[in-house]
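Undergrad: According to mature numbering (1 follows the signal peptide of the UniProt record, and there is no 0), the sequence shown holds residues -15 to -1, 1 to 465 in order.
Sending over a structure as structure tokens; questions will come in a sec.
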Amino acid sequence: MKSFLLMIGFCGVLSWTLPILPQTEQATEEDTQLAQKYLNSYYPEPEEMPVFRSKHNNIDVNKLRQMQEFFGLKVTGKLDSTTLDEMKAPRCGVPDIEGFKTFPLSPKWPKKDLTYSLQNYTPDMARADVEEAIRRAWKVWSDVTPLTFTMVSGDSADILILFGAGEHSKIPFDPRFDGPNGEVGHAFSPAHGGYVHFDEDEDWTKDATGINLFHVAAHEFGHSLGLSHTNVKEALMFPKYIRSDPAKVKLHQDDIEGIQSLYGPPEEAGGDGQPSGSGSPTHLQEQATDLCNPHLTFDAAATLRGETLFFKDSFMWRKNPAENNIEKDLISAFWPALSGGIDAAYEVENKDILFLFKGEKYWATKGNIIQPGFPKNIHTLGFPRSVKKIDAAVYDKNTKRTLFFSSGKYWRYDETKNSIEKSYPRKIAVDFPDIGSTVDAALQHNGHLYLFSGSKQYEFYSKSKRFIGINKSNFWIGCQ
């Protein structure tokens, strides 16, 4: 896995300052160069991936589709006026899709009590107003985590905050600011100091005029705590700054789930401010996602490049056999188009493709890159219209067939012919009598088939379907 210096920025959306290409106008050479530079900067080339370029220009079509999908645009793979307008808008310095071979580790601070220091002040605001905006911005995050933030003086603080213009620091790889109405700030990850910088060329304010310091600071502090961007437009961690009433700036559930996946909920209260008693939503969510909870159920399971993945609600756990550890991450951190609720998943290892199913749609991915042309409808695979979702799926390496489970039945799909075999569907209870009729998730490992139903997993020989044994769903991942 490549090392990655996480520098993250927040940008203002000031569309009235930007040229907009008419729908009928062709992209100029300047626009094409801008687009390619944009895509290279924010959609880096993943390892061992082919590059498909448009025959009309030098635009990487895969990257262009990714960018359009991330920003909720119509995915055309063409450099249209709407896409160009988005590219010309001020934005952040961090890639929207990170070019990792598998996945990055989630950065976090190793302690809960953090200090910060204001290295200087903007002349645009009174010092007291600056300090109050910064304090409120930290409180946004301390309200939903066990973290505390204390202001101190000097350079010994955990997080150093400064205002500067142009070349503004001596920190390696710290890019210069670009002047008014461009990148208004950026921050570094905990692994690289958590520095937070604001562009002094902006007009900083405490209200909705100019650039509101509280709003931008709250976003940047999310980065300095370890969060990257989200494609949820209502979330604080969406990569654009949109002018709004500062009193209405708050965390979206996507922000809360992200930060709590790193640090957990408040120790004395749930993530929604409720006491964390046995009946609170936070307690129930934590219980549901505790890997060693004896009542744990999984939504889906699959392998990916040697790792084993387990899906539950908005989260995904990765088991690395070499390191023998489990890592927890948000599903949307790796597939921004998928916020959670994965119904089924399976990997075709020799093609390096992972298929993810959600409702009537499915996606093909290589690593964290969704392939062009997806999502597709599950009925394009040959399922009858009565099938509304796939409950579980597993690829058999020996037969090169995939088993799909749904509503008490299962189908066998020929991956070489891309078709469902004629003698299917069959009843699960007939061919797998020990499990009943419901399969929630499925895996194949060392010639054995593991079918998950409720809080239990059932082990079978893949070839004969002969029953071997039964255990808790989480026994396979090390829980006793």
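Each residue gets a CB set at the ideal place from its N, CA and C atoms; glycine is no exception.
1. Using the Cα positions of residue 97 and residue 123, report the straight-line distance between them to the nearest angstrom.
2. Could you tell me which uninterrupted alpha helix (DSSP H) segments, each at least 4 residues in length, are contained entirely in the stretch 355 to 428, listed from first to last along the chain?
3. Taking buried to mean at least 16 other C-beta atoms within 10 Å of its own C-beta, is residue 192 buried or exposed?
4. Do the stretch 326 to 339 and the stretch 377 to 386 make contact, defined as three or more Cβ pairs closer than 8 angstroms?
5. Among residues of its own chain, excluding the 5 on either side of residue 454, which ones have a beta-carbon nearer than 7 angstroms to its beta-carbon?
6. Restricting to Cα atoms, I'd like to know which of 119, 150, 152 and 129 is closest to residue 137.
7. Alpha carbon to alpha carbon, how far is residue 217 from residue 239?
8. Would residue 459 be called buried (16 or more neighbouring beta carbons within 10 Å of its own) or exposed?
9. With a threshold of 16 other CB atoms inside 10 Å of the CB of residue 429, please say whether the residue is buried or exposed.
10. Could you tell me which of 439, 407 and 414 sits nearest to residue 426, measuring between CA atoms?
11. Measure the CB-CB distance between residue 312 and residue 320 and report whether it falls below 8 angstroms.
12. What is the rounded straight-line gap between the Cα of residue 285 and the Cα of residue 117?
13. Where in the stretch 105 to 172 do unbroken runs of the alpha helix (DSSP H), each at least 4 residues long, occur, reported from the N-terminal end onward?
14. Go to residue 101, then tell me how far its alpha helix (DSSP H) extends in each direction, as first and last residue.
15. For residue 386, which residues from the same chain have a beta carbon less than 8 angstroms from its beta carbon, with the 5 sequence-adjacent residues on both sides left out?
16. Would the beta-carbon of residue 249 fall within 8 angstroms of that of residue 222?
17. List the DSSP bridge partners of residue 430.
18. So, do the stretch 98 to 108 and the stretch 60 to 71 have three or more beta carbon pairs nearer to each other than 8 angstroms?
19. What would DSSP say about residue 44, mapped onto helix, strand or coil?
20. Please give me, in chain order, every unbroken run of the beta strand (DSSP E) with length at least 3 that falls completely inside the stretch 178 to 227.
21. Could you tell me which of 16, 437 and 180 sits nearest to residue 44, measuring between CA atoms?
22. I'd like to know whether the C-beta atoms of residue 317 and residue 326 end up nearer to each other than 8 angstroms.
23. Just verifying my parser: in three-state terms, what is the DSSP assignment at residue 28?
24. In or out: residue 364 buried (at least 16 other Cβ within 10 Å) or exposed?
25. Starting from residue 69, trace the alpha helix (DSSP H) both ways and give me its first and last residue.
26. Evaluate residue 14 with the Cβ neighbour count: other Cβ atoms within 10 Å of its Cβ, from every protein chain shown; 16 or more gives buried, anything less gives exposed.
27. Please look up how many angstroms separate the CB atoms of residue 24 and residue 49, rounded, as I've assumed it's under 8 angstroms.
28. What residue from 234, 125, 219 and 237 has the CA that sits closest to residue 206's CA?
29. Kindly indicate which three-state DSSP category residue 444 falls into: helix, strand or coil?
30. Find the nearest neighbour of residue 374 within the set 66, 354, 347 and 388, judged by alpha-carbon distance.
31. Quick one: what's residue 314 bridged to in DSSP?
32. For residue 243, does the three-state DSSP call read helix, strand or coil?
33. Comparing C-alpha positions only, which one of 402, 99, 451 and 169 sits nearest to residue 415?
34. Using 10 angstroms around the beta-carbon of residue 140, count the other beta-carbons present and answer buried if the total reaches 16, otherwise exposed.
35. Rounded to the nearest angstrom, how far is the Cβ of residue 144 from that of residue 201, given a contact under 8 angstroms?
36. Quick one: what's got a C-beta closer than 7 angstroms to residue 211's C-beta in the same chain, skipping five residues either side?
TA: Judging by the given coordinates:
1. Locating residue 97 in the sequence shown gives position 112, where the first residue counts as 1. Locating residue 123 in the sequence shown gives position 138, where the first residue counts as 1. Approximately 13 angstroms between the Cα atoms of the pair.
2. 413 to 416
3. Within the sequence shown, residue 192 is the residue found at index 207, counting from 1. Per the 10 Å Cβ criterion, exposed.
4. yes
5. Counting from one through the sequence shown, the residue named residue 454 turns up at place 469. Within the same chain, residue 454 has close Cβ partners 444.
6. Counting from one through the sequence shown, the residue named residue 137 turns up at place 152. Out of 119, 150, 152 and 129, 119 has the C-alpha closest to the C-alpha of residue 137.
7. Along the sequence shown, read from residue 1 onward, the residue named residue 217 stands at position 232. Along the sequence shown, read from residue 1 onward, the residue named residue 239 stands at position 254. Straight-line Cα distance between these residues: approximately 7 angstroms.
8. Looking up residue 459 in the sequence shown gives position 474. When all chains shown are included, residue 459 counts as buried.
9. To locate residue 429, count along the sequence shown from 1; it is residue 444. By the 10 Å Cβ count, residue 429 comes out buried.
10. Here residue 426 refers to the residue found at position 441 when the sequence shown is read from its first residue. Residue 439 is the option with its Cα nearest to residue 426.
11. Against the sequence shown, residue 312 aligns to sequence position 327. Against the sequence shown, residue 320 aligns to sequence position 335. No, the pair does not count as a contact, with Cβ atoms beyond the cut-off.
12. Position 300 of the sequence shown, counting from 1, holds the residue named residue 285. Position 132 of the sequence shown, counting from 1, holds the residue named residue 117. Going by the C-alpha atoms only, they are around 45 angstroms apart.
13. With a minimum length of 4 residues, the continuous alpha helix (DSSP H) runs that stay inside the stretch 105 to 172 are 112 to 127.
14. To locate residue 101, count along the sequence shown from 1; it is residue 116. Residue 101 -> not in any alpha helix (DSSP H); beta strand (DSSP E) instead, spanning 98 to 103.
15. Your numbering for residue 386 matches position 401 in the sequence shown. Once the five neighbours on either side are set aside, the close Cβ partners of residue 386 are 380, 397, 398, 399, 400 and 406.
16. The count along the sequence shown starts at 1 and reaches residue 249 at position 264. The count along the sequence shown starts at 1 and reaches residue 222 at position 237. No, Cβ-Cβ distance for residue 249 and residue 222 is not below 8 angstroms.
17. As a first step, residue 430 must be located in the sequence shown, where it is residue number 445. For residue 430, which the question treats as bridged, DSSP gives the partners 433.
18. no
19. As a first step, residue 44 is located in the sequence shown; it is residue number 59 there, counting from the start. The three-state reading of DSSP puts residue 44 in coil, since its state is none of H, G, I, E or B.
20. 181 to 184
21. As a position in the sequence shown, residue 44 is number 59, starting the count at 1. For residue 44, the closest of 16, 437 and 180 by C-alpha to C-alpha distance is 16.
22. For the purposes of this step, residue 317 is taken as residue 332 along the sequence shown, with counting starting at 1. For the purposes of this step, residue 326 is taken as residue 341 along the sequence shown, with counting starting at 1. No; because the gap between Cβ atoms is not below 8 angstroms, this pair is not in contact.
23. Taking the first residue of the sequence shown as position 1, residue 28 is located at position 43. Looking at residue 28 - three-state DSSP - the assignment turns out to be coil, as it is neither helix nor strand.
24. Reading the sequence shown from its first residue, position 379 is the one you call residue 364. Residue 364 counts as exposed, since fewer than 16 other beta carbons sit within 10 angstroms of its beta carbon.
25. Along the sequence shown, read from residue 1 onward, the residue named residue 69 stands at position 84. First-last of the alpha helix (DSSP H) with residue 69: 66 to 73.
26. Counted from its first residue, the sequence shown places residue 14 at position 29. Counting Cβ neighbours within 10 Å, residue 14 comes out exposed, since fewer than 16 surround it.
27. Within the sequence shown, residue 24 is the residue found at index 39, counting from 1. Within the sequence shown, residue 49 is the residue found at index 64, counting from 1. Yes, they are in contact, since the Cβ atoms of residue 24 and residue 49 sit about 6 angstroms apart, within 8 angstroms.
28. Position 221 of the sequence shown holds residue 206. Answer by Cα proximity: 125.
29. Start at 1 with the first residue of the sequence shown, and residue 444 comes out as number 459. Strand.
30. For the purposes of this step, residue 374 is taken as the residue at position 389 of the sequence shown. Comparing Cα-Cα distances from residue 374 to each of 66, 354, 347 and 388, the minimum goes to 347.
31. Your numbering for residue 314 matches position 329 in the sequence shown. Partner(s): 301.
32. Taking the sequence shown and counting its residues from 1, one reaches residue 243 at position 258. DSSP places residue 243 in the helix class (H, G or I) of the three-state scheme.
33. For the purposes of this step, residue 415 is taken as the residue at position 430 of the sequence shown. Residue 451 is the option with its Cα nearest to residue 415.
34. Residue mapping note: residue 140 aligns to position 155 of the sequence shown, counting from 1. With fewer than 16 Cβ atoms within 10 Å of its Cβ, residue 140 is classed as exposed.
35. For the purposes of this step, residue 144 is taken as the residue at position 159 of the sequence shown. For the purposes of this step, residue 201 is taken as the residue at position 216 of the sequence shown. Not a contact, Cβ separation roughly 15 angstroms.
36. One-based indexing of the sequence shown puts residue 211 at position 226. Cβ neighbours of residue 211 beyond the five flanking positions: 91, 92, 93, 174, 175 and 247.
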